[in-house]
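The block underneath contains the structure these notes are about, expressed in structure tokens.
There are 2 protein chains.
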Amino acid sequence: MARQQRGNSPRRATIRDIARMCGVSVQTVSRVINRRPDVSPETRAAVEAAIAQVGFQPSAVARSLVHQRSSTIGVIVAGLAYFGVSQTLNGITERSEASGYALLVKELANFETTDIVPVIEFLTAHRVDGIIFAAPELETNVRSVQAQLPAASPPIVFLKSEPSPNYTTIGIDNYAGGRQATEHLLALGRRRIGHVSGPLEWREARDRRDGWWDAIRTSGAAAGPRFEGNWSSASGRAAFEQMLTVQPDLDAIFVGNDQMALGVLHVANARGIRIPDDLAVVGFDGMAEAADFTPSLTTVNQPLRALGILAVEDLLAHLDDPDPRPARNRMLETELIVRESAPAPSARPSPAKLPPSPAVVRAPRP
Amino acid sequence: MARQQRGNSPRRATIRDIARMCGVSVQTVSRVINRRPDVSPETRAAVEAAIAQVGFQPSAVARSLVHQRSSTIGVIVAGLAYFGVSQTLNGITERSEASGYALLVKELANFETTDIVPVIEFLTAHRVDGIIFAAPELETNVRSVQAQLPAASPPIVFLKSEPSPNYTTIGIDNYAGGRQATEHLLALGRRRIGHVSGPLEWREARDRRDGWWDAIRTSGAAAGPRFEGNWSSASGRAAFEQMLTVQPDLDAIFVGNDQMALGVLHVANARGIRIPDDLAVVGFDGMAEAADFTPSLTTVNQPLRALGILAVEDLLAHLDDPDPRPARNRMLETELIVRESAPAPSARPSPAKLPPSPAVVRAPRP
DNA sequence: TTGAAAGCGCTAACAT
DNA sequence: ATGTTAGCGCTTTCAA
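If you read the protein sequences in the order shown, they are chains Z and A. Residues in the first sequence are numbered consecutively from 1, following my numbering. Residues in the second sequence are numbered consecutively from 1001, following my numbering.
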């Protein structure tokens, strides 16, 4: 094992060292490094030999300084521990990697962080070529971020579902997803449909709740109970237990994410509540494990990786755009995955055909 | 909404612009930026006003060039979609953020990637101050990485469990964890203990299997069947189904991770196999959701976040170290979390006291 | 307290 | 095919 791990002590070779070693100018070395054609084969060989010999690596820092480009995308995240966030980051890394871009990742200390200026400034100071704001959309944070954007920032894509005329956004249609889930339950003939939501500071949580609520209202069914969790399975368990005390005759429940749904299933199994006969359950996220819950979970799949991939692609496509481009807004669709916890309506005849879902109607929400 | 999202078009203000605006030298501006004391209050005020006016941000790139430091840590990951990897990254971001370090993240295209040279070179070219190699440890990759380390690389910490005299490593004791799990099952009086392993190219998978195997051998019990999964719950389901055809009278099973354990529980529940009465199950990872599996899962908890945190701390503590430091090797302990799927021995009297676990004995493995 | 000069490592633009 | 000059934006001497 020849080489030791080492600090920066032995001064790193520079382009000038190589030039001296070969008796050529730095320019020639630069040409070799950048695979320019206008170098004689012999010179090229000599330079390459020298480079290999001393293990020279051109400084990307110096290059960035000259080019005013870093081949780096800044990513702002929060809550990497959450399924959605980490899946999205996964898509971002995958796609940026494929185009030779590195990621400069900054994680917000907490979700409520409204002072994002230092974070953005850190990234722009590092001259990232673009920024992806992938922190969950809270009541306050995104709007304030936008208001605070420094004058000269690179292109930025917000991963949020509220479109804006001034900023590029890519989001997932959580509202439609919530409706989709609830309409599925209605189609099953269920009429007492509860909801366990995520924390309502999260826009995702509010949108899903709104979808649930509007679907119920539209159907003419009575409002069901709603309790709030914090996305964890433990909180789903707690919320469901509370809900049972309030309304024991629930016949369906739409849960804001798959993990909380796991908690619901746990309680139901423990209490002998039969799923889906006594209680139909639909989750949200589409995590792979949901297929192996007991029983397997019907859920609304989110294209989270795609979200990350599209964000990078949008950025790459518009890196060179002149100033005040029209903002691009894009919304991705969810998809219902039907499993045992809320089977297809054909499996159990639905008592009445539901009217087709009319135009969106928003109403006061529980 | 005042400011528009914009490209790089309006040339970014530099320190020189500020200097001209204030009629001072660049040096003075630099002093203000760096909060040096030797600037008159009036000058400082004027400079700060100008900076605020044009939204000037000093270029971190230029600074890095001068300082030969980037306040950036390079992270090499693979399989961000996996629970362990993402949890560890979570710890890394948290800790580095706290110290003002940014993360330059590169994801390997796939696990088998043995040619990591370009990745390392990318990071060193960007003059990261340190590198954390957080890709899962495969049969081949880590060793080859170490052999290929470029001459002048910054300090590197390998997140792997095989200690090395030449490189700093931090790992989790998967072998002990596997033993721990299996000994728990033995203490429950189980004697026909199967194992669903992860892909055996992964060192984590091999170590856990070895722990299982050695615990069984040590106890004098007969070897149980072993099947290999790919960490997913679906693969756990498939592996367990195969296992049942081979050995239907299994009374316990140690599963290489919690997700595959979920698959096992799914099959058991579907077939009416009672857990833990007919079959005791122990998983590995300690993911929070395991508490809400049906039944709740006994599992071996891994300190994954701690792993990330310690990696960063090690790096930060040794950034300025001169050359060939003695390598530091560290191993973190796992912890058994006892739940319903394999309850504490007191719950059901164990037939015989097991001898205390003797020194490690490795034997040919299934 | 302030400024001038040199240089970090590289590339673009113009020589030759 | 190769070299020279200038400069990217900043900080570090060293002077004044």
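Just so you know, even glycine gets a beta-carbon here, dropped at the ideal spot from N, CA and C. Keep in mind that this is a model prediction, so the values were computed, not measured.
- When C-alpha distances from T1093(A) are compared across N1166(A), I1076(A), A1205(A), the shortest belongs to I1076(A).
- In the structure shown, the three-state DSSP call for A134(Z) is coil.
- The beta carbon of P225(Z) sits closer than 8 Å to those of G194, H195, M243, V246, Q247, L250, P366, all from its chain and outside the five residues before and after it, given in chain order.
- M331(Z): member of the beta strand (DSSP E) spanning 329-332, first to last residue.
- Assignment of L159(Z) by DSSP, reduced to helix, strand and coil, places it in the strand class.
- Look at L1200(A) here: in three-state DSSP terms it is coil, with no helix or strand label.
- At least one beta carbon of chain Z lies nearer than 8 Å to the beta carbon of T1124(A).
- Taking the C-beta atoms as reference points, N269(Z) is found nearer than 8 Å to T294(Z).
- Here R179(Z) is buried, its C-beta having at least 16 other C-beta atoms within 10 Å.
- Any Cβ of chain Z closer than 8 Å to the Cβ of K1106(A) would place that residue at the interface, and such an atom is present.
- For D292(Z), the nearest CB of chain A lies under 8 Å from its own CB, placing it at the interface with that chain.
- V1281(A) sits close to A1261(A), with the two beta carbons spaced by under 8 Å.
- Interface annotation for the segment 1039-1071 of chain A against chain Z: V1054, G1055, Q1057, P1058, S1059, A1060, V1061, A1062, S1064, L1065, Q1068, S1070, criterion Cβ-Cβ distance under 8 Å.
- Interface annotation, A234(Z): in contact with chain A, CB-CB separation under 8 Å.
- Between D277(Z) and A1234(A) the beta-carbon gap is near 26 Å, outside 8 Å, which marks them as no contact.
- D285(Z) is bridged by DSSP to N301(Z).
- In terms of CA proximity to T334(Z), G283(Z) leads the group P165(Z), S153(Z), G283(Z).
- Interface residue (Cβ-Cβ distance to chain A less than 8 Å): T88(Z) is not classified as such.
- Around the beta carbon of S1341(A), a 10 Å sphere encloses 16 or more other beta carbons of the protein chains shown; the residue is thus reported as buried.
- Listed along the chain, the chain A residues whose CB falls inside 7 Å of the CB of Q259(Z) are E1289.
- Residue nearest to S1071(A) within the set A49(Z), F122(Z), N34(Z), P58(Z) is F122(Z) (criterion: CA-CA distance).
- Of the candidates R127(Z), L103(Z), A109(Z), the residue whose Cα lies closest to the Cα of L1108(A) is L103(Z).
- By the Cβ neighbour-count rule, V1047(A) is buried, with 16 or more other Cβ atoms within 10 Å of its own.
- Among the residues of chain A, those whose CB is under 9 Å from the CB of A109(Z) are E1094, E1097, A1098, following chain order.
- If you look at T28(Z), you'll find it in the alpha helix (DSSP H) that goes 26-33.
- The criterion of a C-beta distance shorter than 8 Å is not satisfied by S1099(A) and L1307(A).
- At a cut-off of 8 Å, the C-beta of A1102(A) has a neighbouring C-beta in chain Z.
- Distance from the CA atom of R12(Z) to the CA atom of P1326(A), rounded to whole angstroms, is 22 Å.
- As computed with DSSP, I1073(A) is found in a beta bridge with L1103(A), G1130(A).
- Residue nearest to S1096(A) within the set D1038(A), D1320(A), A1062(A), E1313(A) is E1313(A) (criterion: CA-CA distance).
- Within the segment 241-274 of chain Z, those residues whose Cβ lies closer than 7 Å to any Cβ of chain A are, in chain order, Q259, L262, G263, L265, H266, N269.
- Counting only the Cα atoms, A1049(A) lies some 11 Å from V1032(A).
- At a cut-off of 8 Å between C-beta atoms, A342(Z) does not count as an interface residue with respect to chain A.
- Contact check for P1136(A) and D1321(A): beta-carbon distance about 27 Å, past the 8 Å limit, so the pair fails to qualify.
- Using beta-carbon distances, A81(Z) counts as an interface residue toward chain A, with a partner under 8 Å.
- Between E1137(A) and chain Z, the shortest Cβ-Cβ separation is not below 8 Å.
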